[in-house]
Every structure is written in structure tokens, then in C-alpha cells.
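Student: I have a structure here, written as C-alpha cells, and I will follow up with some questions on it.
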Amino acid sequence: MSGVAHKKVDEAEDGMRLDRWFRLHFPDLRHGQLQKLLRTGQVRVDGGRVKSNTRLEMGQEVRVPPGANVEPGGEGSVQPPRQQAARHGLSDEDREFVQGLVIHKDDDVIAINKPSGLPVQGGTRSERHLDLLLDGLKFKHPERPRLVHRLDKDTSGVLLLARSRQAAAKLGQSLKHRDAKKLYWALAIGVPRPSAGRIDLALVKRGRAGQERVRGAKADEEGGQRAVTYYRVLDQAGNRLAWLGLMPITGRTHQIRAHCAAIGHPIAGDGKYGGFDAHPGGEIARRLHLHARAIKIPHPSGGWLEVDAPMPEHMVASWKILGFEADRSVDLAEWDV
């Protein structure tokens with residue numbers, strides 16, 4: 005086993021729980037082993053004692069003791085088959101799959117169209133996730149691509165990857181300072197009134213890592229974070245369903261889903277926030293109808309990067325059923341908010 009190591013928290017890990025961070029970097033370390041290392045103070049962040057639910061911040065330093073480096077297949081190993089295979093390189097099938105998601109590639113940035121159902125990072129229930137597949141996107145580049153933001157497992161659409169630490173830092177700063185425009189398309193239950201507006205509702209997060217749920221925060225409630233989303237009705241099917249364009253100004257966990265539910269118009273297929281009413285029935289698939297359609301962000305090398313992603317098959321099918329224009333183009337210039 006190696007000695008004590010100190011690892012920096014990077015941009016993509018900002019806000020991540022410590023136990024999830026360990027699952028990402030040390031998949032062989034059992035939960036009980038991590039708890040023991042925490043109780044005895046062997047794991048520290050910036051020199052201080054921490055708990056498994058501590059939220060990490062970019063730039064912090066995690067002290068990793070020798071006990072975290074469980075040898076593959078050794079005592080206590082819980083490495084899923086996909087992760088065991090990843091140690092010996094991706095399969096041709098996985099490499100072909102992840103490369104087929106690419107919708108933009110240059111020297112600094114890769115953009116993919118993440119499919120619905122693929123988690124961005126691993127968890128207790130996720131043996132196959134995007135972070136596990138990133139070696140397939142090196143394209144002979146010396147560095148492994150880095151995640152700079154995230155999408156929910158069941159949300160599809162544009163996801164950016166940085167091809168170097170420097171590019172990750174610049175993209176991370178742009179996202180942190182809200183210099184990026186992100187446009188989502190969704191199918192909502194009912195039709196919001198007015199047909200365009202601003203949802204300004206602080207959110208508070210509860211639940212274990214990977215199973216978080218957010219709700220509107222009460223005034224001055226501990227843990228509440230301001231969240232702002234602009235919306236616009238782009239089309240509607242009577243008063244039953246609406247095609248929404250949504251532009252989040254902040255980037256809270258489940259923000260769009262919680263905001264739509266809070267105004268009484270949950271996203272179709274979102275049983276977590278809309279309950280039974282979120283499933284309109286008929287030919288509309290019982291899947292989340294939320295898609296990160298486009299993003300515009302300062303490019304790490306100068307100028308602007310603008311990328312848009314086609315909708316997933318289940319949303320295209322719903323759009324056709326409802327008579328919506330599934331191939332409608334995107335013009336982010338229309339969204340001056």
C-alpha cells in the first residue's frame with residue numbers, strides 16, 4: 005500500500021459529498037472502512053476532521069490515508085464488474101458507445117449528448133456511468149477529459165467536458181459566475197400562466213447522496229439556496245400539456261424539476277416531484293421529459309462556444325404525438341434574461 009496522499013478537489017467535484025468523492029476515486033473502499041477512517045481522523049479536509057456528508061469545495065485538499073487504497077480483489081473489495089474491466093481498458097462496445105455521443109470536439113472542449121438513464125457519476129446503484137467511460141474520449145490526447153458540470157441521470161442533453169486542467173478551470177469559472185446560457189426543453193403537465201415568467205424560489209436539499217430531493221425553502225431556513233429559473237411556453241396541447249423552454253440562472257440540484265412542480269406544472273414522467281399526476285398516460289412514455297437542449301459559454305481559448313443537442317427518441321415521439329415541431333431550431337439570442 006502507498007503512503008498518505010493529498011488530493012485536490014477539482015471543478016467537477018465542487019459540492020460533492022465526501023463519501024461520494026471516495027466512491028468515485030476509491031471504488032474498492034467499503035462504506036464501513038471509510039467511516040472508520042473518518043472516526044479516527046485519518047481522513048481530513050484542509051487539515052480538519054470531517055464527516056461522510058461533508059460537501060467539498062473546489063480547491064480543498066483531501067488527506068487520503070493508506071487504508072483507503074484497498075487493493076483490487078483484496079479483502080473488502082466491492083468493485084463492480086464494469087469497474088474491474090475499466091482497470092484493463094474499455095471494451096470496444098463501450099468505447100464505440102461513448103464516442104457516438106460526441107456532438108462537438110476541439111482542442112479544449114468535448115460536448116456530448118448524454119442519453120437519458122446514464123448517470124454522470126457512480127453511486128451505490130450505478131455500475132455503469134459516464135465518468136467510467138471517459139477514457140474512451142481521450143482521442144489520443146494526453147489527458148483524460150474532465151467533467152465540468154452535471155446532469156441528472158434521467159435528464160438528457162448537452163454536457164461539456166474539458167480536455168485539460170486549464171480548460172476545466174476556465175469553464176468552471178464561467179459556470180460559477182453565470183456567464184453561460186443553458187436552455188432546457190421540457191414537457192410540462194398543464195399550461196403555466198402567465199405564459200412566460202421567472203421562478204425565484206430558494207431550494208433546500210435533503211436525503212442521502214445519490215437520493216437527494218429538494219423542496220422550496222422557508223424564509224431563512226438553514227441550508228436554503230437561492231434558485232432562479234426563467235420559463236416560456238413554446239407550444240401547448242390544449243390545457244393538458246405544454247412544451248416549455250427553461251433557462252436556469254443558478255444550478256441547484258433538481259432545480260428545474262423542483263421549480264416546475266412548485267408552480268403546479270411538474271415535468272411529464274417526473275414521479276419524484278409530480279407523483280402520479282406527472283404521468284399523462286396514453287402514448288406518452290413514462291420517462292422524464294427534460295432535455296438540456298443548448299448551451300452558450302465563453303470558450304477557454306477565446307470567443308464563444310455554442311452547442312445544441314437533438315432530443316432523445318422518447319421526447320421526439322411525444323412531440324410528434326402532440327403535434328409539436330420536434331426539429332425546431334434553437335436561437336439563444338431570443339433569451340435575453
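In the working numbering, the protein residues as written are 5 to 341. Don't be surprised by glycine CBs; every beta carbon is placed ideally from N, CA and C. None of the values given here were measured: they were computed from a predicted structure.
Verify whether the separation of the beta carbon atoms of residue 293 and residue 190 is less than 7 Å.
Tutor: In contact: residue 293 and residue 190 (Cβ atoms closer than 7 Å).
Student: What is the DSSP secondary structure of residue 70, counted as helix, strand or coil?
Tutor: Residue 70 falls in the helix class under three-state DSSP.
Student: Which residues in the same chain have their Cβ closer than 6 Å to the Cβ of residue 325, if we skip the five residues on either side of it in sequence?
Tutor: Here the set comprises 287.
Student: Return helix, strand or coil for residue 251, following the three-state DSSP convention.
Tutor: Residue 251 falls in the strand class under three-state DSSP.
Student: Where does the unbroken alpha helix (DSSP H) through residue 99 begin, and where does it stop?
Tutor: 96-103 is the span of the alpha helix (DSSP H), which, as asked, contains residue 99.
Student: With 7 Å as the threshold, decide whether the Cβ of residue 309 is near any Cβ in chain D.
Tutor: In summary, chain D is missing from the structure at hand, where a single protein chain is found.
Student: When the Cβ atoms of the segment 245-258 are set against those of the segment 187-206, are three or more pairs found closer than 8 Å?
Tutor: Short answer: they touch.
Student: Are residue 334 and residue 298 closer than 7 Å when you measure CB to CB?
Tutor: Closer than 7 Å, so yes.
Student: Report the three-state DSSP secondary structure of residue 84 (helix, strand or coil).
Tutor: Caution is warranted here: a pLDDT of 40 is assigned to residue 84, below 50, making its placement in the model unreliable, and the coordinate value is therefore given only provisionally. Residue 84: coil per DSSP, three-state reduction.
Student: Return the residue from the list 113, 216, 135 and 205 that minimises the CA-CA distance to residue 165.
Tutor: Of 113, 216, 135 and 205, the residue nearest in Cα terms is 113.
Student: Does the Cβ-Cβ distance between residue 231 and residue 254 come in under 7 Å?
Tutor: In contact: residue 231 and residue 254 (Cβ atoms closer than 7 Å).
Student: Using alpha carbons as the reference points, say which of 162, 151, 64 and 123 lies closest to residue 105.
Tutor: Selected option, being the one with the closest Cα: 162.
Student: Going by the CB atoms, is the gap between residue 41 and residue 69 shorter than 7 Å?
Tutor: Their beta carbons are under 7 Å apart, which means residue 69 touches residue 41 by this criterion.
Student: Please state the DSSP three-state secondary structure of residue 325.
Tutor: In this structure, residue 325 counts as helix in the three-state DSSP scheme.
Student: On the criterion of 16 or more Cβ atoms from any shown chain inside 10 Å, does residue 340 qualify as buried, or is it exposed?
Tutor: When all chains shown are included, residue 340 counts as exposed.
Student: Please list, in chain order, all residues of the same chain as residue 38 whose beta carbon is under 8 Å from its beta carbon, the five residues on each side excluded.
Tutor: The answer, listed in chain order, is 23, 26, 47, 56 and 72.
Student: Distance check for residue 201 and residue 126, CA to CA, integer angstroms please.
Tutor: Distance between the alpha carbons of residue 126 and residue 201 is about 35 Å.
Student: So what's residue 228 in DSSP terms, helix, strand or just coil?
Tutor: Three-state result, residue 228: coil.
Student: Given residue 12, which residues of its chain have a CB within under 7 Å of its CB, disregarding the five upstream and five downstream residues?
Tutor: Here the set comprises 63 and 65.
Student: Can you name, in chain order, every residue of its own chain whose Cβ lies under 8 Å from the Cβ of residue 21, other than the five neighbours on each side?
Tutor: If we look at residue 21 and ignore the five residues flanking it on each side, its Cβ neighbours are 56, 57, 58, 59, 60 and 213.
Student: Please state whether DSSP places residue 61 in a helix, a strand or coil.
Tutor: It is coil, neither helix nor strand.
Student: Count the CB pairs spanning the segment 203-212 and the segment 306-315 that are closer than 8 Å, and state whether there are at least three.
Tutor: Taking 8 Å as the limit for Cβ pairs, the verdict is that the segment 306-315 does not touch the segment 203-212.
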